[in-house]
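Peer 1: One structure follows; several queries about it will come next.
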Amino acid sequence: MKTDRLIKMANDISDFFNAEPDKEVAAEGVKNHLMRSWEPRMRQAIIAHYQNGGDGLSELAKVAVGRLA
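Quick note: the sequence shown uses our numbering, first residue 26, plus one each step.
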């Protein structure tokens, strides 16, 4: 799967959880969703993108993916 698609998916998930007023809870929600719903190759690819600067990821997505790493 292309990185651009993973970025869009991670940002869409983050948009959903961003409604949570407590951003720590929101970041954990995103992280848990990625752990449960994404296959290992997808998680590895988004982590690698994050470790290379994470361009295009929302702030909440960056926090969540950073917790995966």
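By construction, the Cβ of each residue, glycine as well, lies at the ideal position given by its N, Cα and C atoms.
Restricting to Cα atoms, I'd like to know which of Phe-41, Gly-81 and Gln-76 is closest to Arg-92.
Peer 2: Out of Phe-41, Gly-81 and Gln-76, Gln-76 has the C-alpha closest to the C-alpha of Arg-92.
Peer 1: Ala-70 to Val-50, Cα distance in whole Å?
Peer 2: Looking at the two C-alpha atoms, the distance is approximately 24 Å.
Peer 1: Going straight from the alpha carbon of Val-55 to that of Ile-38, what length do you get?
Peer 2: So the alpha carbons of these two residues sit roughly 6 Å apart.
Peer 1: Out of Asp-80, Pro-65, Leu-59 and Trp-63, point me to the one whose CA is closest to Asp-29's CA.
Peer 2: Here the closest residue by C-alpha is Asp-80.
Peer 1: Give a single yes or no on whether Gln-76 has its beta carbon closer than 7 Å to a heavy atom of the ligand NAP.
Peer 2: Because no ligand of any kind appears in the structure shown, any question about the ligand NAP cannot be addressed here.
Peer 1: Could you give the uninterrupted runs of the beta strand (DSSP E) lying entirely in the region 36-93, keeping only those of 3 residues or more?
Peer 2: Segments of the beta strand (DSSP E) lying fully in the region 36-93: there are none.
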